[in-house]
Amino acid sequence: MSREKPTLAVFKFASCDGCQLSLLDCEDELLAVTNRIRIAHFPEATRTRIDGPWDLTLVEGSITTPQAAEEIREIRRASKFLVTIGACATTGGIQALRNFADIEEFTRQVYAHPEYIETLATSDAISQHVPVDFELRGCPIDKYQLLEVISAFLYGRRPQVSSASVCEECKRAGQVCVMVAHGTPCLGPVTHAGCGALCPGCNRGCYGCFGPKETPNAPGLSGQLETLGMDRATRVRFYRTFNTGADAFREESERQESGAAPPEESGNRP
Amino acid sequence: MSETRTIEVDYLARVEGEGAMYVRTEGDRVEEVKLSIFEAPRFFEGFLRGRDFREAPDITARICGICPIAYQMGASLAMEDLCGITVDGVLQDLRRLAYCGEWIESHALHVFMLHLPDFLGYPDAVTAAKDHPDMVRNGLRIKKIGNSILRLLGGREIHPVNLRVGGFYRAPSPDAVAGLREDLSWGLEASCEVADFLATLDYPNLERDYEFVSLVHPDEYPITHGRLGSSSGLDAAIRDYDDIFTEEHVAHSNALHSHRSDSGEPVFMGPLARFALNRDRLTPRAAELAERAGLGAACRNPFRSIQVRMIEIVLAFEEALRLVDGYRAAPAEPALPFTPRAGTGFGATEAPRGICYHRYSIDDAGLITDAKIVPPTSVNQPTIEADLRELVQNNLDLPDDELRHHCEVAIRNYDPCISCATHFLDLTVDRK
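So the protein sequences, as listed, match chains P and E.
Quick note: the first sequence, position 124, residue 123 per numbering that gives the first Met the number 0, numbers continuous.
Quick note: the second sequence, position 328, residue 327 per numbering that gives the first Met the number 0, numbers continuous.
In structure tokens form, the structure reads like this:
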């Protein structure tokens, strides 16, 4: 019977381990999940290793070394359905801040012996190297969204993950808008839903850990941030955190850095 | 002619992050032992430069998904040191409560999911659950209770959002905190039972003369603060850390190796060190269990670290219950006010795996100009290698497979967090 269970593989590249830990954090559901799916490769959790091909592969972390770039191609070839879990795998993660620096100079500064280190100039999303079947966002991912992805896979349907903004989640939770009511800078209007609007719920502005939502109006938000008194250098940093490699955040941070005028259609509202 | 043997593990299982092990023996001598860490570096100290000092807690949390509180709190303490403020009273109690949550969550992950399968003879906890369903289910529930503390105080378990320089963004309501009580009481009793069970298992014999290093505090078992102490009589302020320990970049590891600057000797951080140096300040139930388990004044067998980790889970539950019961009213303000001033600040806490040290310099605008963070796994690396050397030397008669498994378990004794260790590389190199 166990032979008929679909197989699950979990791989890690440059990352903090937090997203794969989310699976082990499903304390109430873990044993039920393993009744339906066979863990074939998950080094953090088991010594057992079963070679591919695997039915469902979860990939955490970004591609930052030549070896990793090779390895992800092999993993893709051995995976029927490949899902990236979290900001690192989906947009390059916090370590994509290196994309704005001269990496050779950077390595020399950081290491006593740079010759020991092999690294790529950029921290890349998995999708920059291989086709990805589904991307789960967040730094970290939400474990219930992970369970939804696994359930959807088991039932052969598309995962139901909202592509709305944090703003919409915040309104639905009945929270007071921290930007309107307190003048607190917030990335909620341009950030992908999924966390449940945690930060505004704690009286702080969203810091964008789920990355940009679909069609965000970042230039419009930047205008609002400026009105609130946030200086330009801070606005640049505001977009450059855990999803700095995501196009919408990267482009807006570069536009802020260069001082270019907003694109015409952006208006003044996010 | 002597026979050459190599014992290798190309990808260590049930540790956090990517590491490998290599041992080479010639005849009856161990010639080479390497714990190599090939996890890709992420240059945290590099990109912290130029960031606002208030961003450090959220950025450094991303070093480790298992112990983010250690980073958020270490960074906050260093920044508070820079601002000349000390968080105490109710806010400090809430911080200790949050940290108890992290100890419970992280220790339970290690005890039940990563380490215990070795002693019960299974490849993983899920497989062990077939024969030991209650043990695994209770372990998962203990872990969940730790996470529920983090969820309440931090907003979520991994990379909590509610902790900041000066305290919290929003203080929890006393009712919500009191709501933890029932689970905590269950967790305390369940953990005591597991600690007694662990005392009945057989552990491999290995006792080494470690220099234990941990924080020490006159009034409490150290979690959120203290001075640097050691089994050889070290007593120093956190700001002296860089004089006492030196990090070195070695070819086989992307994590720096750390040792005492004066003697060049490696040291031991983590539960065994905390236990040895703070035995008198264990909570009542934890002390009783340690006594009953016959752990003595100090435990020098790293294989028994699972017992000490379990006793620290008991301690964290007792402390959490005390702090929950003491939280009668939310503080007037969730955080202390502060003003940055140019200079260098220091902070250190007891992460689940040992001391996690932070040092930051900032300029007049509050931007970080230099950062250094040393996680405990970095410090423990040479000690793990020394353990492996002695273990292999003492067990040369074992067949390769058995010896390899022994070595893997010996590495897991430390709950090494490779993700942590790799993300810290010294940035003290001259930039000119």
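Every residue, glycine too, gets a C-beta built ideally from N, C-alpha and C.
{"Check": "Taking the C-alpha atoms as reference points, what is the distance between residue 27 of chain E and residue 3 of chain E?", "Outcome": "9 Å"}
{"Check": "Measuring only the C-alpha atoms, how far is residue 189 of chain E from residue 305 of chain E?", "Outcome": "16 Å"}
{"Check": "Between the Cα of residue 150 of chain E and those of E:286, E:99, E:230 and E:80, spot the shortest distance and give me the residue it belongs to.", "Outcome": "E:99"}
{"Check": "Using a Cβ-Cβ cut-off of 6 Å (strictly less than) and excluding sequence neighbours within five positions of residue 358 of chain E, which residues of its own chain qualify?", "Outcome": "345 and 371"}
{"Check": "With burial defined as no fewer than 16 other Cβ atoms inside 10 Å of the residue's Cβ, what is the status of residue 204 of chain E: buried or exposed?", "Outcome": "exposed"}
{"Check": "Under 9 Å, do residue 146 of chain E and residue 26 of chain P count as touching if we go by C-beta distance?", "Outcome": "yes"}
{"Check": "Using 8 Å for Cβ pairs, my map puts residue 350 of chain E next to residue 313 of chain E. What's the rounded Cβ distance?", "Outcome": "With a Cβ gap of about 19 Å, residue 350 of chain E and residue 313 of chain E do not count as contacting."}
{"Check": "Can you tell me which of E:175, E:375, E:267 and E:256 puts its alpha carbon nearest to the alpha carbon of residue 323 of chain E?", "Outcome": "E:175"}
{"Check": "Can you confirm whether residue 257 of chain P, when its beta carbon is compared against all beta carbons of chain E, has any partner nearer than 9 Å?", "Outcome": "no"}
{"Check": "Return helix, strand or coil for residue 112 of chain E, following the three-state DSSP convention.", "Outcome": "helix"}
{"Check": "State the start and end residues of the unbroken alpha helix (DSSP H) segment that holds residue 134 of chain E.", "Outcome": "132-153"}
{"Check": "In whole angstroms, what separates the C-alpha of residue 31 of chain E from that of residue 163 of chain P?", "Outcome": "55 Å"}
{"Check": "Please report the Cβ distance between residue 122 of chain P and residue 100 of chain P, rounded to the nearest whole angstrom; I am assuming they are in contact, meaning their Cβ atoms lie under 8 Å.", "Outcome": "The Cβ separation is near 11 Å, so there is no contact."}
{"Check": "Suppose you measure from the CA of residue 165 of chain E to the CA of residue 281 of chain E; what does that come to, to the nearest Å?", "Outcome": "28 Å"}
{"Check": "Among P:160, P:213 and P:45, whose alpha-carbon lies nearest the alpha-carbon of residue 128 of chain E?", "Outcome": "P:45"}
{"Check": "Relative to the alpha-carbon of residue 142 of chain P, which residue among E:135, E:132, E:257 and E:155 has its alpha-carbon at the smallest distance?", "Outcome": "E:155"}
{"Check": "Determine whether the beta carbon atoms of residue 67 of chain P and residue 51 of chain P lie at a separation below 9 Å.", "Outcome": "no"}
{"Check": "Are the beta-carbon atoms belonging to residue 86 of chain E and residue 138 of chain E less than 9 Å from one another?", "Outcome": "no"}
{"Check": "Could you tell me if residue 378 of chain E is buried or exposed, where buried requires 16 or more neighbouring beta carbons within 10 angstroms of its beta carbon?", "Outcome": "buried"}
{"Check": "Assign residue 357 of chain E to one of three DSSP states: helix, strand, or coil.", "Outcome": "strand"}
{"Check": "Can residue 125 of chain E and residue 33 of chain P be called in contact, C-beta distance under 9 Å?", "Outcome": "yes"}
{"Check": "Measure the CB-CB distance between residue 68 of chain E and residue 55 of chain E and report whether it falls below 9 Å.", "Outcome": "no"}
{"Check": "Give every residue of the same chain whose Cβ lies closer than 7 Å to the Cβ of residue 188 of chain P, excluding the five residues on either side of it in the sequence, and list them in chain order.", "Outcome": "164, 166, 220 and 269"}
{"Check": "Roughly how many angstroms lie between the CA atoms of residue 74 of chain E and residue 172 of chain P, to the nearest whole one?", "Outcome": "31 Å"}
{"Check": "Chain E partners of residue 24 of chain P, CB-CB under 9 Å?", "Outcome": "104, 108, 142, 143, 146, 156 and 157"}
{"Check": "Given a limit of 8 Å on CB to CB distance, which residues of the stretch 225-247 of chain P reach chain E?", "Outcome": "233, 236, 240 and 241"}
{"Check": "Pick out the complete alpha helix (DSSP H) segments inside the stretch 280-331 of chain E, 4 residues or longer, and give them in chain order.", "Outcome": "283-291 and 304-325"}
{"Check": "Residue range of the alpha helix (DSSP H) that residue 170 of chain P falls in?", "Outcome": "165-171"}
{"Check": "Which chain E residues sit within Cβ distance under 7 Å of residue 46 of chain P?", "Outcome": "12, 13, 122 and 123"}
{"Check": "Would you say residue 88 of chain P faces chain E, with C-beta separation under 9 Å as the test?", "Outcome": "no"}
{"Check": "If we cut at 9 Å on Cβ distances, does residue 13 of chain P have a partner in chain E?", "Outcome": "yes"}
{"Check": "Using a Cβ-Cβ distance cut-off of 9 Å, determine whether residue 188 of chain P contacts chain E.", "Outcome": "no"}
{"Check": "Keeping to the same chain, check which residues put their C-beta closer than 8 Å to that of residue 233 of chain E; ignore five residues upstream and five downstream.", "Outcome": "212, 227 and 243"}
{"Check": "Can you tell me which residues form a DSSP beta bridge with residue 134 of chain P?", "Outcome": "P:83"}
{"Check": "Any residues in the stretch 68-99 of chain P with a beta carbon nearer than 7 Å to a beta carbon of chain E? Which ones, in chain order?", "Outcome": "93, 94, 96 and 97"}
{"Check": "Measuring CB to CB, does residue 329 of chain E end up less than 9 Å from residue 89 of chain E?", "Outcome": "yes"}
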